[in-house]
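Asker:
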Amino acid sequence: MAAPSQFAEPPIVPEASDHRPSERPVSKTVEAVGDTPSVVGETQVPMDCDSGMRIQERTVSPFSRTQSIGLVSQVVPFTRHETQQARNSPSGYNCSIIPITIQPTSVTTTNMPNDKLSDNGALLSNNVSYGMTAQQPQPLASPPTTATADDNDASCAKASPEMWLPTCYPSICSEPVIDWVSHEIGVTDFIATARRLMTDVLSNETLKKRVPPHRTPEPEPALAWTWVAAFFDKGLDSVFGLVHRPSFEARLRAHFESGDYSEGDLAWYALRNTVYATGCRIVVSGSNSHNAFNEARTQSWPYFENALSAHTDLLFSRSDMTTIQAFLAMAFYAEGLGSPAIEFLLASNAMRLAQAKGMHHQVMKSWKMHEEDVQILYWLWWCIYCYDKYLAYRSGRPSAIDDDDISTPIPTSVPEGSTINPHFFQHVIRHAQISSEISKRLYTVKAKRQTPHETLLVVKDLEARLHKWRESLPSCFQSSPPFKNLDLPPNTHLFHVIYLHFSYYGSLITIHTAFCYPWSRPSTGDNRGPNLQAQRQQSLEVVADASRKIIVATQRLEVSAASPVWLTFYYPLTGLINLFIYILQNPTQPTVNEDLPLMEVIVGHFGYLEYASNSELLFPFPREIVSYARMVVKHAREGLPISGAFRKQLSSITAMDPSEQSADHGPQDVSI
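Taking UniProt numbering, the leading residue of the sequence shown gets 1, the next gets one more, and so forth.
(1) Let me know the alpha helix (DSSP H) ranges lying completely inside the segment 534-618, each 4 residues or longer, listed in chain order.
(2) Starting from histidine 361, trace the alpha helix (DSSP H) in both directions and tell me its first and last residue.
(3) Tell me the rounded alpha-carbon separation between glutamate 175 and isoleucine 191.
(4) Measure the CB-CB distance between proline 481 and histidine 501 and report whether it falls below 9 Å.
(5) For leucine 618 and valine 603, what's the separation of their Cα atoms in angstroms?
(6) Excluding the 5 residues preceding and the 5 following leucine 123 in the sequence, name in chain order all residues of the same chain whose CB lies nearer than 7 Å to its CB.
(7) Buried or exposed: threonine 554, going by 16 or more other Cβ atoms within 10 Å of its Cβ?
(8) Using only the alpha-carbon positions, how far apart do proline 90 and histidine 427 sit?
(9) Go through its chain and collect everything with a Cβ distance to aspartate 388's Cβ below 7 Å, but skip five positions before and after it.
(10) Kindly indicate which three-state DSSP category histidine 496 falls into: helix, strand or coil?
(11) For histidine 431, count neighbouring Cβ atoms within 10 angstroms of its own Cβ and tell me buried if that reaches 16, exposed if not.
(12) Run through the DSSP bridge pairs and tell me what glycine 506 is partnered with.
(13) Look up glycine 396 in the DSSP assignment and say whether it is helix, strand or coil.
(14) Would the beta-carbon of tyrosine 269 fall within 9 Å of that of proline 219?
(15) Check whether the segment 276-289 and the segment 247-257 are in contact - that is, three or more C-beta pairs closer than 8 Å.
(16) Report the CB separation of methionine 359 from leucine 377 in whole angstroms; it is logged as a contact under 8 Å.
(17) Tell me the DSSP secondary structure of glycine 336 in three-state form.
(18) Tell me which residues share the same chain as leucine 473 and place their Cβ nearer than 8 Å to its Cβ, disregarding the 5 neighbours each side in the sequence.
(19) Around the C-beta of leucine 457, are 16 or more other C-beta atoms found within 10 angstroms, so that it is buried, or is it exposed?
(20) Could you give the DSSP three-state label for threonine 274: helix, strand or coil?
(21) If you check the beta carbons only, do phenylalanine 332 and tryptophan 379 fall under 9 Å apart?
(22) Please name the residue, chosen from Cys173, Val543, Asp200, Ala329, that lies closest to aspartate 189 on a Cα-to-Cα basis.
(23) Kindly say whether serine 348, judged by its beta-carbon, lies nearer than 9 Å to any beta-carbon of chain E.
(24) Nearest by alpha-carbon distance to residue 675: which of Leu598, Glu600, Asn614, Val592 is it?
(25) For proline 587, which residues from the same chain have a beta carbon less than 6 Å from its beta carbon, with the 5 sequence-adjacent residues on both sides left out?
(26) From this set, Tyr582, Glu372, Ser395, which residue's C-alpha is nearest glycine 417's C-alpha?
(27) Near asparagine 306, what residues of its chain come up, given a Cβ to Cβ distance below 7 Å and the 5 sequence neighbours on each side ignored?
(28) Nearest to isoleucine 498 by CA position, among Ser539, Gly529, Lys549, is which residue?
(29) Among Leu442, Lys448, Arg449, which one has its Cα closest to the Cα of lysine 460?
(30) Quick check on DSSP: helix, strand or coil for methionine 321?
(31) DSSP three-state call for leucine 197: helix, strand or coil?
(32) For glutamate 205, count neighbouring C-beta atoms within 10 Å of its own C-beta (all shown protein chains included) and say buried if the count is 16 or more, exposed if not.
(33) Using only CA atoms, which one of Tyr608, Leu540, Met599, Pro518 lies nearest to threonine 568?
(34) Inspect the beta-carbon positions of phenylalanine 240 and cysteine 383 and report whether they are closer than 9 Å.
(35) Since lysine 634 is in the alpha helix (DSSP H), which residue starts that stretch and which ends it?
(36) Using a Cβ-Cβ cutoff of less than 7 Å, which residues in the same chain neighbour alanine 326 once the five nearest sequence positions on both sides are dropped?
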């Protein structure tokens, strides 16, 4: 990537009135709502309630909808449009079910270099038209391809590994790791393999095309309801209850029944379009079409673009709970296999808005919020928390949430009609807290200044906490792969078992790599003591065993465009790389006879990804490092030096054309 030489002028932001979606009327195919009162907590709210009166009924809290100027915060009434929407909404969704405060926030902006503007244009167009009938939408760009990028991106791969912590798989592309691996295998060509991996990863980190200025018409009600049902019934993330189903469906029903769409709530517009996009992807990816993967991405993407087009307005206009839900739902959509990996920034937007509204603090009784409102708020906060900690673990970037500044309790009950699985969610929250401790106590700058013996004590303490957490899980969540004949509790699926399985063994790897990575061992003080030497060997074995457990579980994965990246890409690659490093250090161990075939399981997994995506997802890296491992083991057992013909043979691996590799190793169906 070219270094920025100058900065572009900031674009002109249109007036707020230009950003209201003007939606086409739809046929009234859904039963009219009428004046049926809705239930919010234990209080019935009639349909003709006035939103301004709603505010007066409650004690003003930090969650009230306010307008802030400097240090002066004043409660403002809802507009006439908002009052009318409140009358039309059986759920009271626009009647501020959970009152929200807009706090003054500081915003840091980064200028975009002109050369990037000339290549890609502005990612988010400021000349957005939400009209559905004025003109036909222009052809929409399909989601950016994740196929191997060209050589022009090589500089990105070369510079970027500095961003990753040693526990993240991209760290294998960093200079110390490349040097160590090259020494172990006896060739310098590994740098080409590492850079190809980094290019593959980074090529999907950003949007490749600007969001079109014209919006895609929303689906007809019948199709929309099909996608909404898929979102709640089949979406893997529905277990976290990001969106309260009864409230969403009631608001959507009112949306379809209403005939006046001249103005709209941008947060609601973004949320429902993200739900459409997610549900569409689930439905299409489950079809029998031979091209279901690409069709799911292409058909769902325009609705995600609809949501993404409102991004700037959502950040800098008055916001509410729906705004936070929209950002988080967009981040979850971006987690899908083959989607541009922009979930980190979208989740950060949700998290900052939540913090600005004080969601990380316990609700005070003087605010007189309904109990159901409090439950929704608490669950949403912990959903944001878990996602932030997970992204920090996966990317190596620091978490933006300080655990010492959280007073929000972990809820024990769920709102009526919610899709939340409370017991599973509570286990996820407690694991996220442990994951936060691991990062803070082992991988911060302060932690790296510890002596080896201090680090040893931390490793043992964190491992004990992690084991205690796993022992607290129900027996079905402690089972070993391939997870057959499980007696799962109601509302529990195999996905939940695999999630906690990967979380546990992934955290074990993160804890013990503080000692077993050859390039990151403690190097100060008396680091040659017997306790440290024993810990290094123990950590090495723990990491290898955890990697095996992850790889074996990979065989039960179902691959589709709706599959999240962490499930189908991150953990399988983490297990593969760590087992590869173990074999390079122990090429003559008896366990290698089983480890090499296990590594081939991951080769088959990525081969199937290539097959299922019609070669859109092409990652030759697994096949290459398995070839390295096999040759190193062979020559170590034969006592041959890594030189001469062997060096030439290894070099030919990285020179092989990816298409030739695919021909030699066809896609495998690794499901059991």
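Glycine residues also receive a C-beta, built at the ideal position from the N, C-alpha and C atoms.
Answerer: So, to answer that:
(1) 571-585, 592-612
(2) Residue numbering aside, residue 361 sits at position 361 when the sequence shown is read from its first letter. Unbroken run through histidine 361: none, as it is neither H nor E.
(3) Working through the sequence shown from its first residue, we reach residue 175 at position 175. Working through the sequence shown from its first residue, we reach residue 191 at position 191. Each residue's alpha carbon lies about 9 Å from the other.
(4) For this step, residue 481 is matched to residue 481 along the sequence shown. For this step, residue 501 is matched to residue 501 along the sequence shown. Yes, they are a contact pair.
(5) Translated into positions along the sequence shown, residue 618 becomes position 618. Translated into positions along the sequence shown, residue 603 becomes position 603. Approximately 11 Å, taken between the alpha carbons.
(6) Within the sequence shown, residue 123 is the residue found at index 123, counting from 1. Low per-residue confidence applies at leucine 123: pLDDT is 39, beneath 50, and the placement is therefore not dependable, though the value from the model is reported in the following sentence. Result list for leucine 123: Leu207, Arg210, Val211, in chain order.
(7) For this step, residue 554 is matched to residue 554 along the sequence shown. It counts as buried.
(8) Reading the sequence shown from its first residue, position 90 is the one you call residue 90. Reading the sequence shown from its first residue, position 427 is the one you call residue 427. Per-residue confidence for proline 90 stands at a pLDDT of 36, beneath the threshold of 50, marking its modelled position as unreliable; no derived number is given.
(9) The residue labelled residue 388 in the question sits at position 388 within the sequence shown. Correct list, in chain order: Ala347, Met351, Ser399, Ala400, Ile401.
(10) Against the sequence shown, residue 496 aligns to sequence position 496. In this structure, histidine 496 counts as helix in the three-state DSSP scheme.
(11) In the sequence shown, counting from the first residue as 1, residue 431 sits at position 431. Answer is buried; the Cβ neighbour count reaches 16.
(12) Here residue 506 is taken as the residue at index 506 of the sequence shown, counted from 1. None, per the DSSP bridge assignment.
(13) Position 396 of the sequence shown holds residue 396. Glycine 396 falls in the coil class under three-state DSSP.
(14) Here the question's residue 269 lines up with position 269 in the sequence shown. Here the question's residue 219 lines up with position 219 in the sequence shown. No.
(15) no
(16) On the sequence shown, position 359 is the one that residue 359 refers to. On the sequence shown, position 377 is the one that residue 377 refers to. Contact flag correct, Cβ pair sits at about 6 Å.
(17) Taking the sequence shown and counting its residues from 1, one reaches residue 336 at position 336. Correct three-state label for glycine 336: strand.
(18) As a position in the sequence shown, residue 473 is number 473, starting the count at 1. For leucine 473, where only same-chain residues beyond five positions count, the Cβ hits under 8 Å are His427, Leu500.
(19) As a working note, residue 457 is residue 457 in the sequence shown. Answer is exposed; the Cβ neighbour count stays below 16.
(20) Along the sequence shown, one-based indexing puts residue 274 at 274. If DSSP states are grouped into helix, strand and coil, threonine 274 belongs with the helices.
(21) Within the sequence shown, the letter at position 332 stands for residue 332. Within the sequence shown, the letter at position 379 stands for residue 379. Taking 9 Å as the Cβ cut-off, phenylalanine 332 and tryptophan 379 do not qualify as a contacting pair.
(22) Reading the sequence shown from its first residue, position 189 is the one you call residue 189. Out of Cys173, Val543, Asp200, Ala329, Cys173 has the C-alpha closest to the C-alpha of aspartate 189.
(23) The displayed structure is made up of one protein chain only, and chain E is not part of it.
(24) This structure cannot settle anything about residue 675, because the visible part of the chain is limited to 1 through 672.
(25) For this step, residue 587 is matched to residue 587 along the sequence shown. Same-chain partners within the cutoff: Val632, Val633, Ala636.
(26) If you number the sequence shown from 1, residue 417 lands on position 417. When only C-alpha atoms are compared, the closest one is Glu372.
(27) Start at 1 with the first residue of the sequence shown, and residue 306 comes out as number 306. Excluding residues within five positions, the ones whose Cβ falls inside 7 Å are Arg215, Thr216, Asn273.
(28) Along the sequence shown, one-based indexing puts residue 498 at 498. With distances taken between Cα atoms, isoleucine 498 lies closest to Lys549.
(29) The sequence position of residue 460 within the sequence shown is 460, counting from 1. Nearest C-alpha to lysine 460: Leu442.
(30) The residue given as residue 321 occupies position 321 in the sequence shown. Helix, per DSSP.
(31) Residue 197 sits at position 197 when you count from the first residue of the sequence shown. Helix, per DSSP.
(32) Translated into positions along the sequence shown, residue 205 becomes position 205. Its Cβ having fewer than 16 others within 10 Å, glutamate 205 is exposed.
(33) Here residue 568 is taken as the residue at index 568 of the sequence shown, counted from 1. Closest by alpha carbon: Tyr608.
(34) Walking along the sequence shown from the start, residue 240 turns up at place 240. Walking along the sequence shown from the start, residue 383 turns up at place 383. Contact: yes.
(35) The count along the sequence shown starts at 1 and reaches residue 634 at position 634. Element bounds for lysine 634: 621-638.
(36) In the sequence shown, counting from the first residue as 1, residue 326 sits at position 326. If we look at alanine 326 and ignore the five residues flanking it on each side, its Cβ neighbours are Ala267, Ala270, Leu271, Thr274, Ala307, Leu314.
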